[in-house]
Structures are given as structure tokens and as C-alpha cells.
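Under full-length UniProt numbering, the first residue of the sequence shown is numbered 1, with each subsequent residue one higher.
For every residue, glycine included, the Cβ atom is placed at its ideal position computed from N, Cα and C.
Please read the structure below before turning to the comments.
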Amino acid sequence: MVTRQPSVHLTVASGMRRPSRLRLLVSKWTVSSLRKQRLAQDVYEMPPPPPPPKDVFLLPRPTPAPTDDPYAELSCEYAACSVFLSRELSVQQRVGPRTTLRSDPHTGKRPPSPVIPATSPRMLSVAELRRRRLEVANQNAADLPSISLEEARNRAQAKLEKQRLERELMEKERVRKLALEEDLRHAAQIQRERSEREQREEEERQSLIEERRAADKERRQRQAQSHKEYMEHAMLLAEEEKQRRLEARRHMIAERRTRPLPINRSSAVEADVCFEGWVTVQTGVSIAWKRRYCRVSDSKILLFKDDKPQSQALWSLPISSVWRVRERGDGLEELECLPHSFNLSARDGSSLSMFTDGEEQKELLVSIVIQLANL
């Protein structure tokens, strides 16, 4: 039930200062009004005594108009607890003039008006009012320990719940830290194993490189030794070949010097050597090889275009002016690929290279030059 508080209307002129005594009186009156209001609320909250069965009901208490009388509130409290004796009242008087009864749509008749019991007011005494107030105060005082105990129980339960949540959080944090430590340990183990594997691979690679270097060094040493032995053997063979060639050359020169030469018996000069035959020649002023008919007469080498007796000599070389005869293998490049070839070098700087059609013809011609030039 809601109780309307008395309102205080004070009109103060704008710009005027309120007197302190009036303010004090208003404050005291407000405090006393609030106390009375709390007392009335406590009375309203008290349960009414049980009414007689089926003949007692409470009428709604009209809200009193605001007034400045301090005893008006107390009279309202007594009126709130009034009890009316039962009497016959119509529904129109109970629910008010605005309420109407509707007829039955099937029969068209209105239902009979119900009879509501009414009660006559009964005033509570001051002693009864005080007794009820004391009961309410005692009940409130008795409820305080239970309320405090309930609050303490709720606080303890909240504390236990908080501790449980903290323990759960701590357990979750511990599990998370353990999982994190396990992950870190596992990652460190993987990193360590990978480092060890990389180190082993690096050591194996370095060992393989060292083995390859040692094998390459040994192979190079063997190759160098083999090449050295080959070169020594080649030099030995070359030296032997050189000695053999020198010996063969000396033997050949000795044979050429002692070889009998053909003599022209019809010549006026004694012991005039004669030689005739086709040769291929290259003079010092030409790079072309030409086919010429060669004759040796009067200690001269004569070259003709043909073998006719009346032909004129195209080129002549006195045999006494020849100071060196060179053959294949003597370092002359143009003679290396020509068989039966040789070269005659004169003291005036001229030279004559030729090759014959056979080895016997070459040997005869070279022997004639060597014997006539005293080489």
C-alpha cells in the first residue's frame, strides 16, 4: 500500500534571503513528518488479524487530501485498520456505478445480483497499535541475525566460488604453462637435433672434401710422376733417335763420300762427272715447284726446260759454291712432307730445293754434290 506523503509549499520571494530560524523550523517539521510516515508504513506492512470466514472483507481506503494537521495522519492510520461488520450490499454499491451486468446472449435474461458481505468499521486502540509496532520491531530485530547470517553465508559462498574460480584459473594457467614449456622443450629438442644433424652433415661433407682433395693430390702426383717418367723416357728415346740419326748420317756421309761417281769419258776435262735426269725444283726467287731437266757438267748444276740437246739452260749453280746440303729431318719445313728431297745452299745466299723420282737418283745426286764441293 502506497501512502501519500504530505507536501510542504513555501513561497519565497525571488532575491530575498531566507531567515535561518525559519529554515530550522522547516527542517524540524520535515524530520517529524518523515518519522510519522515511516511509522505509518510499518503499520501498513503489518498483517491484519484474520477476519471471520465468509462475512468479512476490507474496503479500499480513500486517499486523504493533503492537510497541515499533524493528527490527520494518525487518524488515517486508524481508518486503515477499520473493520466493518457484514451486511447485505448490492453489486452496484460494491463495484461502483460504472459497472453493469451483461445479459446472457442465449437466454436474454440477466443473472441475479450477487450478495457481497460488508463489515462495519472497528477502531484499534493505542495499546493494540503499540503492541503491533513492538511486534514488528521485534520481528525486524529477530530477522537481523538471520539476514546477517544469510549475508555471511552468501559472502562465504561467494568467497568460496571466487576461490574456486581462482583455483580453476590457476590450474588452467598451470596447464597452459606446462603445455607451453612442453612445446618449448619439444621445439628446443627439434632445434638441437637439427643442429646436430647439420653439424654431422657438415663434418661428413668436410671429410668427403678432404678425401677428394687427398685423392686429387695423389692422382696429380701420380700423373706428374707418370708424366715425368714419360718425358724422361721420351727424352731418352729422342736422344737415342738423335744419336741413331747422327750415326746413320755419319755413316751415310761416309758412304756418299766414298761412292763411285759416273765419269764422262768424252769430256776434255779429266774426271768430269756427268748426271742427267728429271727433277722437281724450287729456286730461292720462286715459291712454285717446277719440273726441270737436270744436268751436271763441268762441275755445274744446269736446269733445262726439256731434255733436248740444243735447249738453253734456265738456271745454273756452281757446285764449288755449295757449302751445305740439308735433307728431311734437318729442320727445313718445306722438305718435311716431300720424299726424296734435299736443299742446296750457296755461299752467295742463293738456294735450290729439289726432289727426285727415286731414292737412288737422290743419293747419286747428293753424293756428286758432296764429293765435288768437298763437304
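The stretch 356-368 touching the stretch 250-263, judged by at least three CB pairs closer than 8 Å: yes
Once DSSP output is grouped into helix, strand and coil, what is the label at Val285? coil
Do Ala373 and Ile301 have their CB atoms nearer than 8 Å? no
So what's Leu365 in DSSP terms, helix, strand or just coil? helix
Are the beta-carbon atoms of Leu317 and Leu352 separated by less than 8 Å? yes
As an exercise, report each continuous alpha helix (DSSP H) stretch of at least 4 residues that is fully enclosed by the stretch 179-228, in chain order. none
Out of curiosity, what's the CA-to-CA distance linking Thr283 and Arg249? 26 Å
Give the DSSP-derived three-state secondary structure of Lys305 in the structure shown. coil
What is the DSSP secondary structure of Val95, reduced to helix, strand or coil? Per-residue confidence for Val95 stands at a pLDDT of 44, beneath the threshold of 50, marking its modelled position as unreliable; the derived number appears in the next sentence. Of the three classes helix, strand and coil, the one that applies to Val95 here is helix, per DSSP.
Could you check whether Leu314 and Lys308 sit closer than 8 Å to each other, using their CB atoms as the reference points? no
First and last residue of the uninterrupted beta strand (DSSP E) at Arg328: No beta strand (DSSP E) contains Arg328, which DSSP labels as neither H nor E.
Indicate the three-state DSSP secondary structure (helix, strand or coil) for Glu73 in the structure shown. Only weak support exists for where Glu73 lies, its pLDDT of 46 falling under 50; the value from the coordinates is given anyway. Of the three classes helix, strand and coil, the one that applies to Glu73 here is helix, per DSSP.
Close beta carbons around Lys362, own chain, < 6 Å, minus the five adjacent residues each side: His340 and Thr356
Check whether Leu303 and Arg291 have beta carbons under 8 Å apart: no
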